[in-house]
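Each residue of the sequence shown is one higher than the last, beginning at 1257 in my numbering. Glycine included, every Cβ here is placed at the ideal spot set by N, Cα and C. This one's a predicted model, so the numbers in the text were calculated from it and none came from an experiment. Working notes, beginning with the structure itself.
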Amino acid sequence: MVVNFRVIALLLGPAIIGLGLVALIPAIYALITKTPGFGYFVTVSFFAISLGYGLKSIGESSAKVKVSIRDLFIFTASLWFISTAISAFPFFMMLEDIDIEAAIFESASGLSTTGSTVIVNLDIRPPAILLWRSILQYLGGIGFVVLAVAVLPNVALGGMSIFKTESTSFDGSTKFTPHMKTMALGLIAWYFGLLIICSISYVMGGLDWFLAINTAMCTIATGGMMPIDSSMNELGPWVHYTAIFFMFLSSCPFLLAIASITSMSLAFFKDQQVRGLFIFCLTISGFVALSLIYYDGYDLEKAIRVALFNVVSVISTSGFALEDFNNWNNFATLLFFIILGIGGCSGSSSGGIKFFRLQVCFSMFKAQIRKSIHPHQVIYPSFNGQFVNSDTLRSIITYIVAYILVLFVSSLLATMLGLDLTDAFSGSLSCLSNVGPAIGQNLGPNGNFANLSGSLHLLFAFDMILGRLEILPVLLCITKTFWK
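Structure representation (structure tokens):
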């Protein structure tokens, strides 16, 4: 048999049990605060735990069987889609104006850290459901596989390759320890530490603890699904600058940051990807700020703050709303359209194409230009001072081709389902890159996905999960070659 489904069930069981236990957090919060939601979340928790134990019992006879790379790919894809379906039930059960397709969209948006929403009037929604949205983003930001490897006994099977089933841009060369479980625990410690510091910073900016913790989870996960209607628009400059700092930090490689701290080195600041992302954000922000001053009459501080916030928000794929860049001058709006799908660094919580892929492509472009002028020279693309091998180049080209193909197919389907050209293309681009806001009057930063049809909700939900898993792991599972 090409794929051992008992092994997959063995791996899925404990992970889904873990999701069921997490669902008890908003249940307990609802019970303590005497707000709606306790019964709904207990029901979902019971269902998930029961399903998890059922899958675990099916796979127990395969506990000592070797896990293949095919099993790991099916496990990862199945875990994300099953978790999305389970996580959708609280939205469907608690919110009367949300149908099942919209609930799946909301769940996928949270877990993929896209941050798009179909829920309106957030300010009057039950706190437990708002907390659930934030928790989903926080879980999705670090990734189910990292969590599973860290806390579950069976998921350590498969070696370091298991990380690549959830992110094809995972860079094992930056690991700070050869032990996979220790590395996963280190990632979680870093991730949780960022949450604590970010939450305290938001409280210092005037937010209450509930809003601060929820906003911090959205920030560190680069999700941007705020628990209030106004998003960042009615919050002060301290909160904006705090968000800028943590959004950028969360879009940088986590393992590199941990390795730099543990070795007391400056590797983080010397990394070509981090430096490139920093310079790129400053440059684009500078152009946007100048356009806001010249065309829209902003003062200097506000122009810099608003420009930097929105550029970092889009590049990190956080998608927080601070004003609406669709309503700015055409130059600024076009810049945001160009950077919409770029994304942050590999090994971070951000989505998108990833900055290192674009840097390698640009290095390949320069090498080819020089090769055209000096055909007998041996010139190779480089990254971080080292030549990029052919396997890496092939994987990058394969990913970008797959990204473009999926983007076009999704855009065509979206137009067939009733969206206009701008909303269809930018909506597909935003969902596939896990950004959140799109370009257009309906799906921009001040808009939402609430008024779309159920078919569009399912299409974009699939795009978001596909983008979070970086396309190839899912596409591999539906090819003939995979099953031979």
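Check	Outcome
Three-state secondary structure assigned by DSSP to residue 1633	coil
Proximal residues to residue 1502 (C-beta, below 7 angstroms), its chain only, five neighbours per side dropped	1450, 1454, 1475, 1476
Whether residue 1547 touches residue 1564 by CB criterion (7 angstroms)	no
Coarse secondary structure for residue 1604, derived from DSSP in three states	coil
Span separating the alpha-carbon of residue 1739 from that of residue 1261	13 angstroms
Residue 1576 - DSSP class collapsed to helix/strand/coil	coil
Where residue 1621 falls: helix, strand or coil (DSSP)	helix
Environment of residue 1284 [buried if 16+ CB atoms lie within 10 Å]	exposed
The segment 1598 to 1607 contacting the segment 1564 to 1573, beta-carbon criterion three pairs below 8 angstroms	yes
Per-residue DSSP class, three states only, for residue 1612	helix
Proximal residues to residue 1447 (C-beta, below 6 angstroms), its chain only, five neighbours per side dropped	1398
Pair within 7 angstroms by beta-carbon distance, residue 1669 and residue 1708	no
Range of the contiguous alpha helix (DSSP H) that encloses residue 1512	1510 to 1519
Assigned secondary structure, residue 1638 (DSSP; H/G/I helix, E/B strand, else coil)	strand
Beta-carbon spacing of residue 1350, residue 1314 below 7 angstroms	no
For residue 1643: DSSP bridge partner residues	1638
Same chain, Cβ closer than 8 angstroms to residue 1596, five either side skipped, listed in chain order	1570, 1682, 1685, 1686, 1689, 1691, 1694, 1695
Residue 1438 (DSSP reduced to helix, strand or coil)	helix
Residue 1465 classed as buried or exposed, judged by whether at least 16 other C-beta atoms fall within 10 angstroms	exposed
Touch test, the segment 1366 to 1385 against the segment 1728 to 1735, Cβ-Cβ under 8 angstroms, three pairs minimum	no
Boundaries of the alpha helix (DSSP H) in which residue 1312 is found, first to last residue	1294 to 1315
CA-to-CA distance, residue 1278 to residue 1488, given in whole angstroms	27 angstroms
Through-space distance from residue 1472 to residue 1550, alpha-carbon basis	34 angstroms
Pair within 7 angstroms by beta-carbon distance, residue 1253 and residue 1265	Any answer about residue 1253 is impossible in this case: the structure gives the chain only from 1257 up to 1740.
Three-state class that DSSP yields for residue 1503 in the structure shown	helix
Reference residue 1527; option with closest CA among 1536, 1520, 1509	1509
Length of the line joining the Cα atoms of residue 1639 and residue 1615	8 angstroms
At least three beta-carbon pairs within less than 8 angstroms, the segment 1621 to 1632 to the segment 1518 to 1537	no
Cα-Cα separation between residue 1539 and residue 1568, rounded to whole angstroms	11 angstroms
Backbone secondary structure at residue 1381 - three-state DSSP	coil
Span of the alpha helix (DSSP H) around residue 1571	1556 to 1571
Exposure label - residue 1306; buried when at least 16 CB within 10 Å	exposed
Residue span of the alpha helix (DSSP H) that contains residue 1548, given as start and end	1528 to 1552
Residue environment, residue 1637, which counts as buried when at least 16 other CB atoms sit within 10 Å	buried
For residue 1349, the three-state DSSP class (helix, strand or coil)	helix
Environment of residue 1438 [buried if 16+ CB atoms lie within 10 Å]	exposed
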